[in-house]
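Heads up: the sequence shown at position 19 corresponds to 19 in the working numbering, and the numbers run straight through without jumps. Just so you know, even glycine gets a beta-carbon here, dropped at the ideal spot from N, CA and C. Treat the numbers as computed from the prediction; the structure is a model and nothing was measured. Taking it in order: structure first as structure tokens, then the write-up.
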Amino acid sequence: MLFTLLVATFSLAVSPLVSASPMPITRSSHLVLPAPQLGVRGQAPPSVLPNKPSRRGGSNYKGYILAQGPSGGFSYVNGTTNGDGIFGSSLLNTTTGALEVSFEAELYDNNSVASYITLDVKSPHSAVNKQYPYVAAVRGFYNSGDGNLNATSRNYAYLSLSSEQIEPGPSAVGPSLFNSHYSINETEETAIWTLATEDQSLGAQWIGSDNTLTPIAFIASQGQILLTGNATAFIEYFGGEQIFLFFDGQ
């Protein structure tokens with residue numbers, strides 16, 4: 001294990017920063033739940049894609065995804081999606097049932113791996129996970145404008161699964177578990193992840209329609225894990241707390 005786990009108990013009280021009736025983020029009204037109180041710590045990825053530094057060689061990674069809580073401790077992201085095909089913010093104390101992923105990446109001298117990583121789901125917990133083996137960011141129902149995640153809007157994406165790897169670039173309609181549940185065609189991205197090998201933090205960037213990159217913040221809101229380019233704007237409107245993700249593996 002790369003971390004000493006200090007497992008936090010997450011309160012289900014409504015954040016004092018939002019009203020008791022936040023706007024829903026899916027069509028299912030039963031998902032409008034109080035947001036878990038998760039910590040606001042960690043570091044965001046760069047706002048623009050840097051020039052590639054010197055290459056040190058390729059690596060294969062396999063492990064689990066951890067979320068950092070308010071006390072600085074870590075708990076595992078659950079490997080089972082909810083009824084809407086979204087990963088939930090109900091975290092686990094052990095790796096039993098946790099989301100296990102793998103990826104291949106090139107390691108560079110700036111203690112990071114190449115951008116545009118796709119996370120492959122390993123050890124699926126159900127036939128659903130076997131059919132949708134890639135972690136995906138699926139554009140949200142209630143996005144405004146062009147729907148892209150950016151630093152000036154509350155637009156967001158769901159953390160879901162896809163049956164295909166989406167090529168690096170602007171979001172495209174894909175066969176996500178979320179789309180399958182609602183019989184819709186929301187666009188998605190899969191090749192969005194970065195790993196900082198210095199502290200094992202997972203970052204992500206949304207690739208806009210003009211190929212600009214927006215650094216992503218992770219949010220626990222209404223029982224779900226979401227991605228947004230503006231955590232403050234999102235939380236003020238929908239409710240929730242910012243969380244930080246880390247890779248626990250090798």
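Query: Simplified DSSP assignment, three categories, for residue 158; Result: strand
Query: Residue 75, DSSP secondary structure in three states; Result: strand
Query: Residue interval of the beta strand (DSSP E) (run including residue 186); Result: First-last for residue 186: undefined, no H or E at that position.
Query: Where residue 93 falls, given that 16 or more other Cβ within 10 Å makes a residue buried; Result: exposed
Query: Span of the beta strand (DSSP E) around residue 182; Result: Careful: residue 182 lies outside any beta strand (DSSP E), inside the alpha helix (DSSP H) at 177 to 182.
Query: Nearest-angstrom Cβ-Cβ length linking residue 224 and residue 158, presumed shorter than 8 Å; Result: 7 Å
Query: Euclidean distance between Cα positions of residue 135 and residue 162; Result: 6 Å
Query: DSSP three-state assignment for residue 68, whether helix, strand or coil; Result: strand
Query: Spatial neighbours of residue 99 in its chain, beta-carbon cut-off 6 Å, leaving aside the 5 residues before and after; Result: 65, 77 and 79
Query: Separation of residue 229 from residue 235, as counted between CA atoms; Result: 11 Å
Query: Span of the alpha helix (DSSP H), counted from its first residue to its last, around residue 236; Result: 231 to 238
Query: Candidates 90, 121 and 86: closest to residue 103 by CA position; Result: 121
Query: As assigned by DSSP and simplified to three states, the class of residue 250; Result: coil
Query: Nonlocal neighbours in the same chain, by C-beta distance under 6 Å from residue 170, ignoring five residues either side; Result: 207 and 209
Query: Secondary structure of residue 222, DSSP reduced to three states; Result: coil
Query: Sequence-distant residues of its chain with Cβ nearer than 6 Å to residue 150 (five each side left out); Result: 214 and 229
Query: Spatial distance of residue 249 from residue 193 (CA atoms); Result: 16 Å
Query: Residue 204 vs residue 187 beta-carbon contact at 7 Å; Result: no
Query: Contact check, residue 168 vs residue 191, beta carbons under 7 Å; Result: yes
Query: Local conformation of residue 166 per DSSP, three classes; Result: coil
Query: Residue 244, DSSP secondary structure in three states; Result: strand
Query: Buried versus exposed, by CB contacts within 10 Å (16 or more), residue 153; Result: buried
Query: 7 Å CB neighbourhood of residue 131 in its chain, flanking five on each side removed; Result: 163
Query: CA nearest to the CA of residue 133, picked from 217, 160, 222 and 146; Result: 160
Query: Enclosing beta strand (DSSP E) for residue 132 [first to last residue]; Result: Looking at the DSSP string, residue 132 is not in any beta strand (DSSP E), and its letter there is neither H nor E.
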